[in-house]
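In the order they appear, the protein sequences are chains A, R, X and D. Its first residue numbered 139, the first sequence is counted upward by one per residue in our numbering. Its first residue numbered 7, the second sequence is counted upward by one per residue in our numbering. Its first residue numbered 82, the third sequence is counted upward by one per residue in our numbering. Its first residue numbered 1415, the fourth sequence is counted upward by one per residue in our numbering. Beneath this line is the structure, given in structure tokens, with notes to follow.
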Amino acid sequence: MQTFFSIAVDAFAYGMVLFVISIGLSVTMGLMRVVNLAHGAFAMIGGYIASYAAQSLGLGYAAAILLAVFGTVAISIPIERLLYRRIYGAPELTQVLMTIGITFCIIGIANYAFGPTLKTIPLPTALQGSADLGFRSIATHRIFAIVCGLVVAGALWYAIEKTAFGVKLRASVDNASMAAALGVRTEIIYAVSFAVAVGLAAFGGVLGAELLPVEPYYALRYMVTFLVVVSVGGAGSIPGALLACLLLGGIDTTGRYLMPEFGEFFFYLAVIAIICIFPRGLAGRVR
Amino acid sequence: MKRVVIAAFAAIIMGSAAYADTIKIGVVGPFSGPFALQGKNFKAGIDAYMAMNGTTVGDDTIEVIYRDLPAPDPAQSKALAQELVVKQRVQYLTGFYFTPDAMAVTPILKQANVPLVIMNAATSAIVTKSPFVVRTSFTTWQTSTPIAKVAHDAGVAKVISVVSDYGPGVDAENAFKAAFEKEGGQVVEAIRIPLSTNDFSPIMQRIKDSGAQGVFAFLPSGPTTLGFVKAYSENGLKDAGIKFFAPGDLTQESDLPALGDAALGIQTTFHYAVSHDSPENKAFVEAASKAIGSPAELSFPSVGAFDGMKVIYRMIEATGGEQDAEKAVNAVKGLSWTSPRGPVSIDPESRHITQNIYLREVTKADDGTYYNKEIQTFEKQGDPGLAAAR
Amino acid sequence: MTEETVAVTARQSRSIGRDLLGIGAIISAAAIGYLLFPDNLALLTRIIAIALLVLSLDLVTGYCGVATLGHAALFGSGAYAAGIISAHYGIADPILMTLAGIVGGAAAGLVCGVIILRAHGLPQLVLSIALIYLFHEFANKASSWTGGSDGLSGISTDPLLGMFEFDLWGQTAYFFGVALLLAVLMLLRVLVRSPFGMLCRGIKEDPLRIIAMGASPKTALIKMYVISGAVAGVGGALNAISTQVVGLDSLSFTLSAESLVMLVLGGGGSLFGALTGTVVFMLFEDYVSAANPFHWLTMVGVLLIAVVLFAPKGLYGTAAGFVACRREKRP
Amino acid sequence: MSAVFEVLNLKKAFSGLAVTNDVTLSMATGDRVALIGPNGAGKTTFVNLVTGNLRPDSGDVRLNGETVTKVDAIGRVRRGLVRSFQVTRLFQEMTPAEHVALAILQRDGRAGAMYGNFLSMPDVMDETAALLGTLGLVHLLHRKVSEIAYGQQRLLEIAVALALKPRVLLLDEPAAGVPQSDTGRIEQALAELPADLAVLMIEHDMDLVFRFARRVIVLAAGTIIFDGLPADVTKNAAVREAYLGSYANASHAA
């Protein structure tokens, strides 16, 4: 029983970290219909900025996170205007080609600018160490990640379902020309959504750096994981992504505890099974 | 017309023989990609050696040609080696970070009449694949065996082994198990985890539940190591008194700043620490730091490369610049010298390097940086892996 | 002779003419390659092997519209099949090894096809990714057969037809590769123009319409997957024969993604597009990685972005469109 | 005369709302039936139930006396039930010749052949040319579909359906979206449909219905409210109510 709780705690923590990093991708892929393989690259940029801010500028953790989010968004704006705008509505494979190209460039630049070594983001003392849950201990920063994940999920759900912006966004996604005819400025909606997605990527990159350390190949190394999580959840669905993260996090963690040597098998077999049963993802919308 | 042809022909023949004034060395390594750091270290070691010993041997000028192989890819490795030998006419092949890449090249050495000097790839069996292979790095067996004695001497009787599920990981597990059981200890469980593991908390839980007093670990250097070591301290294993044993790949110098306090006190055995205290190493570190640009990136592959160049220079001397792989290899059998890592020699039978293995502990220096402090020496260690394979 | 039959005959002779032109182009490209890089035949042979993989991917992606990032599973299965019969059973005849590669690739194609075709779009892409990781992990686990992460070594190859040695200079491997490529290409030209090829193009555009014609898109796609597997298996076998080693990378996501990039680069839905993409990508990569082994990835990234911006239908597709446009305008 | 196509007590509900409610009808070879009904009467659902794209909650569909309710869409096509689409579903990158040839090859079970080219199959080419000839499309044999006019695409839809040699043909608004100037050609094509064929046409355009159909069925709210001669349909009170009621509402709203 104790083992069960212990695994459950680990699974929950891992799932929430995955959620924070991948939810931005769910926004770009589900709502904007762009297969954005460069998502990890933006998370990585966030990580690098935070690391630089904390290590070299001596800023605090909160300031570093803010700088990372806004810095990454600022970097992404010209990329969106010059490159992404050309591939909205393009065939999937064209989007794959473009975003892989962008990823390669960002990796090359990161490698050149920061070198190939691992970069860390020092945690504030409040988040260091571990908390005692009674039957086991858990790292404090993981609790912080869980809280952040829940807040992000709630805020996004509210923004998309309950605000005027959310209504316009959903309208633009369902029928861009109709929305434009109704006076919705789809270009702005898209730009803002893209910025939000990138900001979430950067936030996740910083928050998850303890688990997925920042280095130039971050962008490619975890690309598949993000893509899998989002598709299993059903692109564009916040509850779906949350469910997928917790489910896959649970399967991954349990597999690694019980039969670590077959960890990969469990994970990918589960992915295949879920997609075969839910071909549009756990909460995918019927198109 | 006929005379021109004959002249040209003669020039080619003579050019390829005694009058060769440029000797090319082909280096294959990961110069881009996730392992670019290790490739950079190859280059730093090579540059350091050439800066200290000149770029000529006798009348011959040495030219180094680099070829990039970002990830293990034996087919590409062989294609690159073929290109280096056939097109670039290199007389020596060297580098090779990954075992499969080195393995793929061994079948062509005889026909190409080219020796292969391995600067890293650490699986024991490579040297048996061709008589023209010489290795100046280490084997996983060589570095993982002494730590078993360390564990036993520390009073640990039960150990759990956790390794990444790939060739070197399996080697490390076998090496440790063999040596630890020989010491009278018990490996209670041997876990192999996928290379792509990100979250190590469940593994830590499993280690706790196993009731072992210590954990032996082997993971490839880089992000996974960082995750593992952090999970080890965060999940309270360190505080619970579960001791951590590993070969030195886990605490390579370039990862230490990222590992930080989490790694403090971890003991590893390895053939080289950048902090090794000797005049040879001081000179080497100075030259290599200059070559690599950022001294914090300096790590173990640089010394393998440095000594690899030493061996190649000796080969060139012995053959007078002529292409004769057999003569070249014979010339370095039994060769011994003082490397930056300490006294070393090439075992005449296995053509693998015999060297000291050091027990080191991650320590914080006065200036706040972390380093591997050597605290014990296991002298003149050969490769136990070959004997085990037989 | 009626007007229609005249038109049809003209059409046919034009397409046969195009075939001859294509074959001529490949033979001359092979000859130019041989003359330009006589001492880098290993690279050229590798390009041919990868070209077979990209052609095979073109069959399912370009012609049938299946999105996959796991196509190396077919290539790697072919490579391992060819390698294993040589390393473990001592069957070293290159032709038999190629046949083993075809069988291995086709079997993998059947498995992948059955699973991948269960979803569409993004989930399909993810299914293919999951599959390639399963294949990779399986090969890693079955190390007594595959050599695991150390790679399958000990593959020996008899001389081709008992006469031509596979040696260091790689001439035999190169000409063997060119011959295989030509044979595969001619068969595929027949295939894509056959009724079956037409059916597949229809499926790519509108599977519901095909159902309304009484044909089963799924059956056709699975057949195509098996054929695609056989083609990829030839590539894998060629790789195993020419390099005498098979590594886990041949079953990797990276190789799958690269082959997709090459296909889109050249332009899917045309055999010459697949070839163009492979040759351009591999030569470009070889050139920039030799010129700057440390930072060449950025250059590749720039190339990919430039292609999307300036040649959205792929290099061959855009060039062919340009030529067709010129021809239309000519009176 | 025996029925070639029968629908018996077909029912389908979406989340409790009956969209097809106990529909029964029967057709014989040579029949020319028009199915009409106001918007939202359930015509599309009915077509999908008949073709096998939707499963009914209860009831049966029979072809040539065989119950095909459990047979999928592909199986029904192979048994002679062919449909055309309201919005053309053609392969934009392919030519009319390829469309018709593919249908012919599929009908003959030769579409799986992996060698040969229909251009060099005289029987296929002759039939293709003949069929497209009767529809006046022969000059477009080798143009891409994306380059031909919409009216011609509609004719091609009919050609593809006919190439499958159906026993029962479902025409879903064959003239929808075609400019007035081009409808003549389509009407002519409809008039020339083979006699050994039962045709069920779903149509809005009453002029076309009156010229084409020898029997009219009116569907409203998922039920058949009229089944009889075209001449009687306008006199029927229930039909007037169903149509005029909705038009009256529509004109108020406008």
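Backbone N, C-alpha and C define an ideal beta-carbon position, used for all residues, glycine too.
Please list the partners that residue i has in chain A, where partner means a Cβ-to-Cβ separation under 8 Å.
{"i": "R199/X", "result": "I413, C414 and P417"}
Who are the neighbours of residue i on chain X, taking C-beta pairs under 7 Å?
{"i": "Y1529/D", "result": "V271 and S275"}
{"i": "A1517/D", "result": "M294"}
{"i": "D53/R", "result": "Within 7 Å Cβ-Cβ: nothing; D53/R doesn't reach chain X, min ~13 Å."}
Checking 8 Å against the spacing of the C-beta atoms, do residue i and residue j come in under that value?
{"i": "S375/A", "j": "L203/X", "result": "no"}
{"i": "T1434/D", "j": "G1454/D", "result": "no"}
{"i": "S342/R", "j": "S351/R", "result": "yes"}
{"i": "E286/R", "j": "S202/R", "result": "no"}
{"i": "L385/X", "j": "G347/X", "result": "no"}
{"i": "S275/A", "j": "G271/R", "result": "no"}
{"i": "T129/R", "j": "G173/R", "result": "yes"}
{"i": "A173/X", "j": "D239/X", "result": "yes"}
{"i": "L302/X", "j": "L133/X", "result": "no"}
{"i": "V259/X", "j": "Q205/X", "result": "no"}
{"i": "G168/A", "j": "A373/A", "result": "yes"}
{"i": "R212/R", "j": "Y328/A", "result": "no"}
Using 7 Å as the cut-off, classify the Cβ of residue i as near or not near the heavy atoms of the ligand SAH, replying yes or no.
{"i": "G191/R", "result": "This structure does not include the ligand SAH; it has no bound ligands of any sort."}
Quick one: what's got a C-beta closer than 6 Å to residue i's C-beta in the same chain, skipping five residues either side?
{"i": "L1578/D", "result": "V1496, A1517 and R1521"}
{"i": "R425/A", "result": "With a pLDDT of 38 at R425/A, under the threshold of 50, the predicted position of this residue should be treated as unreliable, and no value is reported."}
{"i": "A355/X", "result": "V135, L136, D139, L344 and G347"}
{"i": "L1422/D", "result": "T1438, G1473 and D1474"}
Identify the contact partners of residue i in chain X, using a Cβ-Cβ distance below 8 Å as the criterion.
{"i": "T129/R", "result": "D231"}
{"i": "G1578/D", "result": "Note on identity: in this sequence residue 1578/D is Leu, with Gly being the wrong assignment. What L1578/D touches in chain X: M294 and G295."}
List, in chain order, every chain A residue whose beta-carbon is nearer than 9 Å to that of residue i.
{"i": "I292/X", "result": "Under the 9 Å cutoff, chain A gives no residues; its nearest Cβ is about 17 Å from I292/X."}
Can you find a CB in chain E that lies within less than 8 Å of the CB of residue i?
{"i": "G295/X", "result": "This model lacks chain E altogether; the protein chains it does include are A, R, X and D."}
Using C-beta distances below 8 Å, list every residue in its chain close to residue i, excluding the 5 sequence neighbours before and after it, in chain order.
{"i": "R224/A", "result": "M236"}
{"i": "L358/A", "result": "G178, T241 and I245"}
{"i": "T67/R", "result": "D27, T28, I29 and T61"}
{"i": "P36/R", "result": "A42, Q44, G45, D74, L75, P76, A77, Y103 and F104"}
{"i": "G191/R", "result": "A154, A157, H158, V162, A163, K164 and V165"}
Under a CB-based cut-off of 8 Å, is residue i close to chain X?
{"i": "L231/A", "result": "yes"}
{"i": "T146/R", "result": "no"}
{"i": "G1526/D", "result": "yes"}
Mind pulling the chain X residues with CB within less than 9 Å of residue i?
{"i": "Y250/A", "result": "F375, H376 and T379"}
{"i": "R73/R", "result": "S370, A371 and P374"}
{"i": "R224/A", "result": "V389, L390 and P393"}
Please compile the residues from chain D whose C-beta is within a distance smaller than 8 Å of the C-beta of residue i.
{"i": "L356/X", "result": "Result: empty, since nearest Cβ-Cβ is about 21 Å, beyond 8 Å."}
At least one CB of chain R closer than 8 Å to the CB of residue i: is that the case?
{"i": "T359/X", "result": "no"}
Nearest chain A C-beta to residue i closer than 8 Å, yes or no?
{"i": "I210/X", "result": "yes"}
Which same chain residues, not among the five before or five after residue i, have their C-beta less than 7 Å away from its C-beta?
{"i": "A338/X", "result": "L150"}
{"i": "E1541/D", "result": "I1518"}
{"i": "F364/A", "result": "I159, S160, L163, H177 and G178"}
{"i": "Y186/A", "result": "A248, F252, K257 and V352"}
Could you name the residues of chain A that residue i contacts, counting a contact when the two beta carbons are closer than 7 Å?
{"i": "Y214/X", "result": "E402 and Y406"}
Residue i touches chain R at which residues, Cβ-Cβ below 9 Å?
{"i": "Y152/A", "result": "N204, D205, S207 and P208"}
{"i": "E399/A", "result": "D171, I197, R198, I199 and P200"}
* Asked: Name the residues in the region 163-178 of chain A whose C-beta lies less than 8 Å from a C-beta of chain X; which are they?
  -> M167 and V173
* Looking at chain D, which residues of the region 368-381 of chain X have a Cβ within less than 7 Å of any of its Cβ atoms? -> none
* Members of the region 155-185 of chain R that neighbour chain X once the beta carbon cut-off is set at 9 Å -> D171, Y172, G173, P174, G175 and V176
* **Where the region 219-244 of chain R meets chain A: residues whose CB sits under 8 Å from a CB there** => G228, P229, L232, G233, K236, E240, N241 and G242
* Output, in sequence order along the chain, the residues in the region 197-214 of chain R whose CB is closer than 8 Å to any CB in chain A. => Listed by position along the chain: I197, R198, I199, P200, S202, T203, N204, D205, S207, P208, I209, Q211 and R212.
* Near-chain R residues of the region 254-265 of chain A (beta-carbon distance less than 9 Å), N- to C-terminal order -> P254, T255, L256, K257, T258 and P260
* Identify each residue in the region 298-330 of chain X for which the Cβ-Cβ distance to at least one residue of chain R is less than 9 Å, and report them in chain order. => N320, A321, S323, T324, Q325, V326, V327, G328, L329 and D330
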